[in-house]
Amino acid sequence: MPSRIRTLVQHIGIGIGFTVLIAGLFMWSARPSEAGSISERLSGRILLQVEQHGEAWYVSPPTQKRYYMGRPTDAFRLMRSLGLGITDADLARIPVYNDTSEGDTNLRSRLSGRILLQVEQHGEAWYVSPVNQKRYYMGRPADAFQLMRNLGLGISDENLRGISIHQDSTTAPGLDTVGSTGSGYGHNNTACIELPTATGDIVTVSTTAELKAIVSEITGGRGNLTVVINPGTYTIDRGLWIAGENVTFRGATGNRDDVRILGGGMGYGASTHIFMVAADNVTIADMTIGEVYNHAVQVHGESPFDADGFLLHNVRVVDTREQMLKGSYRASDNNGPDNGTVECSVFEYTAGIGPQWYIGGVDVHDGTNWVIRYNTFKDIQSPDSTIAEHGVHFWSNSDGTLVHDNVFINNDRAIGFGLGDYGRGHGSGTIRNNYIYHDTSTGDVGIGLESATDVDVYDNVILHEHDYTRAIEYRFPDTRNGSIYDNILTSGYTITSRDGGTASIGSNALDARVSDYVDPANGNFDRNE
Numbered sequence: 019m020p021s022r023i024r025t026l027v028q029h030i031g032i033g034i035g036f037t038v039l040i041a042g043l044f045m046w047s048a049r050p051s052e053a054g055s056i057s058e059r060l061s062g063r064i065l066l067q068v069e070q071h072g073e074a075w076y077v078s079p080p081t082q083k084r085y086y087m088g089r090p091t092d093a094f095r096l097m098r099s100l101g102l103g104i105t106d107a108d109l110a111r112i113p114v115y116n117d118t119s120e121g122d123t124n125l126r127s128r129l130s131g132r133i134l135l136q137v138e139q140h141g142e143a144w145y146v147s148p149v150n151q152k153r154y155y156m157g158r159p160a161d162a163f164q165l166m167r168n169l170g171l172g173i174s175d176e177n178l179r180g181i182s183i184h185q186d187s188t189t190a191p192g193l194d195t196v197g198s199t200g201s202g203y204g205h206n207n208t209a210c211i212e213l214p215t216a217t218g219d220i221v222t223v224s225t226t227a228e229l230k231a232i233v234s235e236i237t238g239g240r241g242n243l244t245v246v247i248n249p250g251t252y253t254i255d256r257g258l259w260i261a262g263e264n265v266t267f268r269g270a271t272g273n274r275d276d277v278r279i280l281g282g283g284m285g286y287g288a289s290t291h292i293f294m295v296a297a298d299n300v301t302i303a304d305m306t307i308g309e310v311y312n313h314a315v316q317v318h319g320e321s322p323f324d325a326d327g328f329l330l331h332n333v334r335v336v337d338t339r340e341q342m343l344k345g346s347y348r349a350s351d352n353n354g355p356d357n358g359t360v361e362c363s364v365f366e367y368t369a370g371i372g373p374q375w376y377i378g379g380v381d382v383h384d385g386t387n388w389v390i391r392y393n394t395f396k397d398i399q400s401p402d403s404t405i406a407e408h409g410v411h412f413w414s415n416s417d418g419t420l421v422h423d424n425v426f427i428n429n430d431r432a433i434g435f436g437l438g439d440y441g442r443g444h445g446s447g448t449i450r451n452n453y454i455y456h457d458t459s460t461g462d463v464g465i466g467l468e469s470a471t472d473v474d475v476y477d478n479v480i481l482h483e484h485d486y487t488r489a490i491e492y493r494f495p496d497t498r499n500g501s502i503y504d505n506i507l508t509s510g511y512t513i514t515s516r517d518g519g520t521a522s523i524g525s526n527a528l529d530a531r532v533s534d535y536v537d538p539a540n541g542n543f544d545r546n547e
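Note that the sequence shown ends on residue 547 in the working numbering; no numbers are left out.
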């Protein structure tokens, strides 16, 4: 079995649905004797990308083009939006999946692969599987998930490319092929690519004085330029205020170890920040930043700045007295930073522990549509009994957050959506394919949902060895309509509801051992053969 397929089986092959997929429907391959195009032969099918992370696609029969299904809630809404109205009398002529009657074979064939809506009732949705031409009920997002797993057909990337994507489809998260550069950790750095070569207005700096001079112009509003920073250490005594739009700061070599912008330490009197972002579309790439009293980066989402479109790429962030990357907001004007991306970066305390409890990695208030991917978060730990904030924390009515393919090593808490039950929750979001390890030192929850609505948590590996046994928690009544499935947890650790939280719980493996993996303490989550 190819390694990528084997990994997928290890991560999600723990439920009945994927066992069926392996046994009978695991991988579709084109046969020369079969007539018609790939899209014709797979019309109406749900396809799973077995060479990636099991991303699901639906091939719509009317167009024979594919739609990305996303998370279960998205899949549920998508399949309903593509539905065809049907009367109760006609629907009764198509047997349900566990009915042995024939029904109307002509009607079954004609509606094979379609989603049907009961227009004479309340719009109840049914999927007619091309496998057996019988119908399956789609009452909730969890039902859409079961369809994806039980009826999904594995397909290679090459064969999938033979089916066009419909213009109304959302896009699937892609995987690139070039490794990130610079020191760090990580299970899947191969998904990172270098930023495109800078074009247009370019300013190159080699000294701290030159860096401050160009930032002074940007503070005054100069934008639409790239600042290329030559190798060296740049020590600043006050934060760099970025008020010009479409500005990029990047190291000249692409290696994040070659350029270091530091603030003089975490004590009082050091610089409070490295970058203070107060404009749209600011990029920071290919450098090391830190040693500050507050935050290495603050993205000011509050009025009048409303900074959106921030990108942090291939950056090592170290040693901050508070949260390393802060997305700030003002509750009174409902403004926060939107559409940010943090990728291919490392967040860590070089002493192996933080300076106090009020620390964290990426901490964003009221942020919309952020993506956190291919990063490593390490040693974000409090030195006393009060636990630190999360490696990744989105709260204060954040929404649309996607956290995927990150590595977390020895953080008090790894990932959190929402906080408490007092109006600081989280809307929809996805937490998937993350790798979390914590040794026997003091720790807390791996993934925490607190007043988080419509959040899906799946395909995560959580290997804990400390005394706190609740690896995933979903808390408070506003945590609802989400799903938690296909996660792998160390034996003895649980997925737990607290304080009235609810979720749809799918198949999860609760019997893993740390020894099953090569070296998770150093970021290698490959399975031992």
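Every residue gets a Cβ at the ideal spot worked out from N, C-alpha and C, and that includes glycine. Bear in mind the structure is a predicted one, so any value in this text is a computation, not a measurement.
*At which residues does the alpha helix (DSSP H) containing residue 234 begin and terminate?*
DSSP places residue 234 inside the alpha helix (DSSP H), whose first and last residues are 226-237.
*Is there contact here, the stretch 345-354 with the stretch 305-312, by at least three beta-carbon pairs under 8 Å?*
Fewer than three pairs of CB atoms, one per stretch, sit closer than 8 Å, so the stretch 345-354 makes no contact with the stretch 305-312.
_Is the beta carbon of residue 478 closer than 8 Å to that of residue 457?_
Between residue 457 and residue 478, the gap from beta carbon to beta carbon reaches 8 Å or more.
*Could you check which residue in 535, 336, 352 and 481 has the C-alpha nearest to that of residue 8?*
Within the shown structure, residues of the chain are numbered from 19 to 547, placing residue 8 beyond reach of any answer.
*Using only alpha-carbon positions, find the residue among 511, 475 and 473 that is nearest to residue 485.*
When 511, 475 and 473 are compared, the shortest CA-CA separation from residue 485 is found for 511.
*Taking the C-alpha atoms as reference points, what is the distance between residue 465 and residue 230?*
Taking the straight line joining both Cα atoms gives about 40 Å.
*Is residue 74 helix, strand or coil by DSSP?*
Three-state result, residue 74: strand.
_Where residue 414 falls, given that 16 or more other Cβ within 10 Å makes a residue buried_ = Residue 414 should be labelled buried.
_Outcome for residue 50 when other beta-carbon atoms lying within 10 angstroms are tallied against a minimum of 16_ = Summary for residue 50: the model assigns pLDDT 46, below 50, so the residue's position carries little reliability; its value from the coordinates is reported in the next sentence. Exposed, by the Cβ-count rule.
*Cβ neighbour criterion (16 or more within 10 Å) applied to residue 285*: Counting Cβ neighbours within 10 Å, residue 285 comes out exposed, since fewer than 16 surround it.
*the stretch 436-453 touching the stretch 469-476, judged by at least three CB pairs closer than 8 Å*: These segments touch.
*Looking at C-alpha atoms only, which residue of 232, 212 and 227 is the closest neighbour of residue 221?*
Ranking the options by Cα distance to residue 221, first place goes to 232.
_Does the stretch 62-82 come into contact with the stretch 112-127, if we say contact requires no fewer than three beta-carbon pairs (one atom in each stretch) closer than 8 Å?_
No: fewer than three Cβ pairs fall under 8 Å.
_Taking the straight line between their C-alpha atoms, what separation do you get for residue 61 and residue 397?_
Using only the alpha carbons, I get a separation of about 49 Å.
_So for residue 13, helix, strand or coil by DSSP?_
Any question about residue 13 goes unanswered here, given that the chain covers just 19 to 547.
*Please report the residue range of the alpha helix (DSSP H) in which residue 56 lies.*
Residues 56-59.
*Should the stretch 319-337 be regarded as contacting the stretch 364-380, the criterion being three or more beta carbon pairs within less than 8 Å?*
Enough Cβ pairs lie closer than 8 Å, so yes.
*Check whether residue 492 and residue 521 have beta carbons under 8 Å apart*: Against a cut-off of 8 Å, the Cβ pair of residue 521 and residue 492 comes out as a contact.
*asked:* Which complete beta strand (DSSP E) runs does the stretch 271-315 hold, if anything under 3 residues is left out?
replied: 277-280, 291-295 and 301-310, all fully within the stretch 271-315.
*Starting from the C-beta of residue 79, find all residues in its chain whose C-beta is less than 8 Å away, skip the five residues before and the five after it, and write them out in chain order.*
Cβ-Cβ distances below 8 Å link residue 79 to 61, 62, 130, 131 and 132 in the same chain, with the five nearest sequence neighbours on each side left out; the list follows chain order.
*Could you check which residue in 164, 217 and 288 has the C-alpha nearest to that of residue 504?*
The shortest Cα separation from residue 504 among 164, 217 and 288 belongs to 164.
*DSSP state of residue 491 mapped onto helix, strand, coil*: Strand at residue 491.
*Excluding the 5 residues preceding and the 5 following residue 38 in the sequence, name in chain order all residues of the same chain whose CB lies nearer than 7 Å to its CB.*
Residue placement at residue 38 is poorly supported in this model, since its pLDDT is 30, which falls under 50; the coordinates still yield a value, given next. So the qualifying residues of the chain are 168.
*CA-CA distance, residue 186 and residue 170?*
For residue 186 and residue 170, the distance between alpha carbons rounds to 22 Å.
*Kindly list the residues whose CB is nearer than 6 Å to the CB of residue 259, restricted to its own chain and excluding five residues on each side of it in sequence; keep chain order.*
Contacts found: 237 and 294.
*Would you mind sorting residue 255 into buried or exposed? The rule is 16 or more other CB atoms within 10 Å of its CB.*
Exposed.
*residue 533 in three-state terms, based on DSSP*: In the structure shown, residue 533 sits in a helix (DSSP, three-state: H, G or I).
_Cβ distance (whole Å) where residue 318 is taken to contact residue 303 below 8 Å_ = That belief does not hold up - the Cβ atoms of residue 318 and residue 303 are roughly 20 Å apart, past 8 Å.
_What residue range does the alpha helix (DSSP H) around residue 177 cover?_
Where residue 177 is concerned, the enclosing alpha helix (DSSP H) stretches over 175-178.
*Between residue 112 and residue 153, which are expected to be in contact by the criterion C-beta below 8 Å, what is the C-beta distance as a whole number of angstroms?*
About 5 Å separates the two Cβ atoms, so the contact holds.
_Check whether the stretch 402-419 and the stretch 380-393 are in contact - that is, three or more C-beta pairs closer than 8 Å._
Because the criterion of three Cβ pairs below 8 Å is met, the stretch 402-419 and the stretch 380-393 touch.
*For the candidate residues 388, 375 and 392, whose alpha-carbon lies nearest to that of residue 405?*
When only C-alpha atoms are compared, the closest one is 375.
*Between residue 301 and residue 266, which are expected to be in contact by the criterion C-beta below 8 Å, what is the C-beta distance as a whole number of angstroms?*
Contact holds; Cβ gap of about 4 Å.
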